[in-house]
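Residue numbers (the numbering used here): 99 to 728. Since the structure comes first, as C-alpha cells, the remarks are kept for the end.
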C-alpha cells in the first residue's frame, strides 16, 4: 500500500502538466505555515503579498532532501545557487497567484477533499500522514499547498492549452534530428613529428608572450587560530557513571511505546460501515468482509504496526482500548468510516543502557562541543580585544597558533599542493581580504568553528623568471609546434581528399588506420571521436567532402561517404517527443511573456542580501543549523 501511495503523492506533487517546464513555475506552494504571530523576515514582495525567509526555508529544505539522495551536501547546494533558484521559483509562483486571484480562481474545501481522494483513493489516515511527513508536510500544509497550486495550474492550463506547433515544423525538425550520416576517418598524430630544439630566443619570446601560463599567484604568510568543534569534541570524555545518570534522567526518550498491528476496513458511508460491522459480529473473517464490502485486498487491509502517538486522537484511544483479535465499531474519519481490528500487541519496552551508550555519548559531546567552541571563541576574542598577540591569546585558551609560510587563494602551497587542515570557508577569502600585519575579525566557518588569522607578509603575484620555469616553457613550446605541424598536415590531407584522392590512399601514406564512423545522428557520441568532428561532418554539403578537428594527440580527418534522410514515414514516438519539446518551448515563451505582463502591473522586489543573512545564521550550529559530526 505504501508503494501505491508513494506513486500517488508523486503524481500530486509533480502533477505531470507539462513535465519539468510547468514544475518550474507551478510546483511551489507558498502559503505561510508558521503562524502570523511568528517573527518573519521578509525577503521578497509581490504586489500585496510577502515572501518570508521561513517560507523559502521550507521549500529549500525539501529541495535539499532530494539533493542529499544524489550526494550533494548543504554547502555544495549553496555554492550551486540552489537557494537563489528556490527563491526565484517561489516569487514566480506568487506572481501567478496574483494573476489567478485577480481572475477569481478559488478552490473550495470540498474540491480539496475530492482532489486528494482522486489522487490517493482509499488509503489509511496514518499511512497518508506518514508519507506526507517523509515529504516534509503535515496534512494541513499539504491541503494548503494544493489550495494554492490548483488555481495556478488552472491559469497555466487555460493559457497553454491552445498552444500547438505546425505539422511542417515538426516534419522538418524530425528529418533534421533523425538524419544519419556515415564517414571514414583517420588520425593525424603529432607523436612522430620531428621538432627542433628551441633556442634561447624562442623560449624567451614564448615566455614573454604567454605570461599567464608562467605567472605565480599571490602568496601570503599567515598565522591563525582555529577553534574547531570536531577537534574540541574529541577531547570531551564522559564516564559510564555520568552517562548512566543522563540515561536515567532521559529514560523516557529510550522507551519504545506499546504498539499494535492493525487491519482496517475503510468505507465511504454509514450504511456500508454498519453492514461490515454486522458481518464481523456474526463471526465472519475480517479479510473476507473487507473484500466483500470495501473491495480491499489483503495489502490494502493491512494497516501496519503503530504506536498511540502515530494515530490521530479520535482513532488512537479507541484502537488502543481494543484487545488482541478484537475489532472496533465504525469510527468517523476525514476519509470515511473505519473499522479496525487488532491482530497483535507489542508491549512497551525500554532500550538498554548499553544499546544507547555510544549514541548518548555522541549526543552529549556534540552539545558540549558547541558550548565549548562558543566559550573558547569568546575568550579568544576578549584576549585579542585587550591587545594580546595571537600567540598569547591562543595560549590563554590552551591552543597553539598555526603558521603557514605561503598560501594562495585556492588554499594551495607554492608546489600547487592543497594545504591540509585549513578551517572551512570563508577562510581563504578572509586571508586575502585582510591587510598585511593585521588580525582578521573572529569569523565563523560553515562547519560551526571559529578562526582568527593574521597576515604576516605578502608575496605579490609575479611572472616566474625564465630560468625557474625553462623546462615548462620548453614543453609548452614543443607541444604548440607539434599541434601546428599536425594542423598543417591535416589541412593538406583534407584538401587532397576534397580534390578526389581516396581516403585510404591518403591515410596509408600517413601510416594511419582508417576507421568507420556511423551511421550516426547529430546528437551521437562516438568513442575516440571528438564531438566537434561529428558536428563538422553534419555541416558538409555533399558526399566525398572532408573536414578535420583537434584531438588530444593531434587531429582527426574525416570524409563523408553516406547521407540518409528520413522518409515520410516518421517514427510516431520520436515525432511525439519532438512535438512535445517544441510545445514546451512555445509554452515557456508564452509564460515568460505572461510573467513580464503581470510584473508590469504589480511591484515585485527581492532582497537577496536579507535572504543570505538569514540562511547564513540558520545554517550555523549556534543558530539551530547542522551540528558537526565526530
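Note that CB positions come from ideal geometry on N, CA and C, so glycine has one too. Remember, predicted model here, so these are calculated numbers, not experimental data.
Check whether residue i and residue j have beta carbons under 8 angstroms apart
i	j	result
residue 312	residue 570	yes
residue 482	residue 475	no
residue 272	residue 664	yes
residue 624	residue 615	yes
residue 324	residue 188	no
residue 438	residue 385	no
residue 502	residue 517	yes
residue 334	residue 463	yes
residue 248	residue 213	yes
residue 429	residue 413	yes
residue 358	residue 451	no
residue 318	residue 549	no
residue 672	residue 276	yes
residue 618	residue 258	no
residue 291	residue 605	no
residue 423	residue 399	no
Beta-carbon separation (whole angstroms), residue i vs residue j, contact threshold 8 angstroms
i	j	result
residue 283	residue 658	With a Cβ gap of about 10 angstroms, residue 283 and residue 658 do not count as contacting.
residue 293	residue 579	5 angstroms
residue 551	residue 322	4 angstroms
residue 556	residue 316	7 angstroms
residue 608	residue 630	Actually they do not touch by this definition, with Cβ atoms about 21 angstroms apart.
residue 143	residue 703	5 angstroms
residue 547	residue 471	6 angstroms
residue 301	residue 568	7 angstroms
residue 433	residue 378	About 20 angstroms; that fails the 8 angstroms criterion.
residue 613	residue 622	Rounded, the Cβ-Cβ distance is 15 angstroms, inconsistent with contact.
Residue environment, residue i, which counts as buried when at least 16 other CB atoms sit within 10 Å
i	result
residue 534	exposed
residue 528	buried
residue 563	exposed
residue 709	buried
residue 565	exposed
residue 366	exposed
residue 299	exposed
residue 211	exposed
residue 128	Confidence in residue 128 is poor, its pLDDT being 36 and thus under 50, which makes the residue's placement unreliable; the coordinate value appears in the next sentence. So residue 128 counts as buried.
residue 310	exposed
residue 256	exposed
residue 387	buried
residue 253	buried
residue 392	buried
residue 260	exposed
residue 411	exposed
residue 573	exposed
residue 543	buried
residue 166	exposed
residue 394	buried
residue 726	For residue 726, the predicted structure reports a pLDDT of 34, less than 50, and the residue's modelled location is therefore unreliable. The matter cannot be settled from this model.
residue 198	buried
residue 426	buried
residue 155	buried
residue 602	exposed
residue 415	exposed
residue 485	exposed
residue 712	buried
residue 362	buried
residue 532	buried
residue 729	No answer is possible for residue 729: it lies beyond the span of the chain, which begins at 99 and ends at 728.
residue 164	exposed
In DSSP terms, what residue i is bridged to
i	result
residue 364	436
residue 523	According to DSSP, residue 523 bridges with nothing at all.
residue 271	Partner(s): none; residue 271 has no beta bridge.
residue 358	404, 443
residue 516	510
residue 654	285, 647
residue 746	In the structure displayed, the chain extends from 99 to 728; residue 746 sits before or after that span and is not available.
residue 280	660
Any non-hydrogen atom of the ligand SAH within 7 angstroms of residue i CB
i	result
residue 374	Looking at this structure, you won't find the ligand SAH or any other ligand, since it has none at all.
Exercise for the section: Evaluate contact between the stretch 320-334 and the stretch 443-458, counting only Cβ atoms and requiring at least three cross-stretch pairs below 8 angstroms. Expected result: no
Handout entry: Sufficient close CB pairs (3 or more, under 8 angstroms) joining the stretch 438-452 to the stretch 505-523
Key = With a cut-off of 8 angstroms, the stretch 505-523 and the stretch 438-452 do not count as touching, because too few Cβ pairs lie within range.
Handout entry: the stretch 188-205 contacting the stretch 692-699, beta-carbon criterion three pairs below 8 angstroms
Key = yes
Handout entry: Stretch pair the stretch 579-591 + the stretch 285-292: three plus CB contacts closer than 8 angstroms
Key = yes
Handout entry: Three CB pairs or more closer than 8 angstroms across the stretch 236-245 and the stretch 174-183
Key = no
Problem - the stretch 535-550 / the stretch 505-517 touching (three or more Cβ pairs under 8 angstroms) - result: no
Problem - the stretch 676-692 in contact with the stretch 255-274 per 3-pair CB rule at 8 angstroms - result: yes
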